[in-house]
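Reading through the structure tokens given below for one structure.
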Amino acid sequence: MIKKFFVVFVVFFLGSWASMVFAQYIGPTHQTTVQTVVMASGAGDDVGVVLEGTLVTKLRDEHYRFRDQTGEIEVEIDNHVFPDTPINEHTVVRLHGKVDKDFARTATVEVKQLEVLTP
Numbered sequence: 193m194i195k196k197f198f199v200v201f202v203v204f205f206l207g208s209w210a211s212m213v214f215a216q217y218i219g220p221t222h223q224t225t226v227q228t229v230v231m232a233s234g235a236g237d238d239v240g241v242v243l244e245g246t247l248v249t250k251l252r253d254e255h256y257r258f259r260d261q262t263g264e265i266e267v268e269i270d271n272h273v274f275p276d277t278p279i280n281e282h283t284v285v286r287l288h289g290k291v292d293k294d295f296a297r298t299a300t301v302e303v304k305q306l307e308v309l310t311p
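Per the working numbering: the sequence shown ends with 311, consecutive numbering throughout.
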């Protein structure tokens, strides 16, 4: 009888402990979104960005120099993100993405969506 009680107690204890290990926060979150190159340059890693400006030049494969009214920053845009509309250095675009900031490196922006505002 005591052995059965002990086994039930151990199984119950381990079961309740295991569920606590996988518990996660599910409440509301606050996400900051920056809207200028200067703000993006000073923001932390993975901070959301929405930038409006122009792609000034292509640096290398999928990497471009982006300029808005506050400055310039390197952006990474995967080829599948580009729309069918041709884009040049005069085309105003809106970029949606996040800051990518590694230790001892200048911040860049990883672009998830690109909208053409003026052709």
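Every residue, glycine too, gets a C-beta built ideally from N, C-alpha and C.
Which same chain residues, not among the five before or five after residue i, have their C-beta less than 8 Å away from its C-beta?
{"i": "Val273", "result": "Val303, Lys304, Gln305, Leu306"}
{"i": "Ala232", "result": "Val226, Val239, Val241, Leu243, Ile265, Val291, Ala299, Val301"}
{"i": "Glu281", "result": "Thr246, Leu247, Val248, Thr249"}
{"i": "Phe258", "result": "Val229, Leu243, Gly245, Thr246, Leu247, Val248, Glu264, Ile265, Glu266, Val267, Leu287, Val301"}
Can you tell me which residues form a DSSP beta bridge with residue i?
{"i": "Gly245", "result": "Val285"}
{"i": "Leu251", "result": "In DSSP, Leu251 forms no bridge with anything."}
{"i": "Gly240", "result": "Thr225, Lys290"}
{"i": "Val267", "result": "Tyr256, Val301"}
Is the shortest distance between the beta-carbon of residue i and the beta-carbons of chain C less than 8 Å?
{"i": "Thr249", "result": "Among the chains of the structure shown, chain C does not appear; only one protein chain is present."}
Alpha carbon to alpha carbon, how far is residue i from residue j?
{"i": "Thr249", "j": "Val284", "result": "13 Å"}
{"i": "Ile315", "j": "Pro220", "result": "Summary: the structure shown does not reach residue 315, with the chain confined to residues 193 through 311, and so no result is reported for it."}
{"i": "Asp237", "j": "Ala296", "result": "12 Å"}
{"i": "Thr224", "j": "Leu251", "result": "28 Å"}
Can you name the start and end residues of the beta strand (DSSP E) that residue i belongs to?
{"i": "Gln261", "result": "Where Gln261 is concerned, there is no enclosing beta strand (DSSP E), given that its DSSP letter is neither H nor E."}
{"i": "Gln216", "result": "Note, Gln216: premise wrong, no beta strand (DSSP E); not H, not E."}
{"i": "Val301", "result": "300-310"}
Residues in its own chain within less than 7 Å of residue i by CB, not counting five upstream and five downstream?
{"i": "Lys293", "result": "Gly236, Asp237, Ala299"}
{"i": "Thr262", "result": "Thr228, Val229, Val230"}
{"i": "Ile279", "result": "Leu247, Val285, Val308"}
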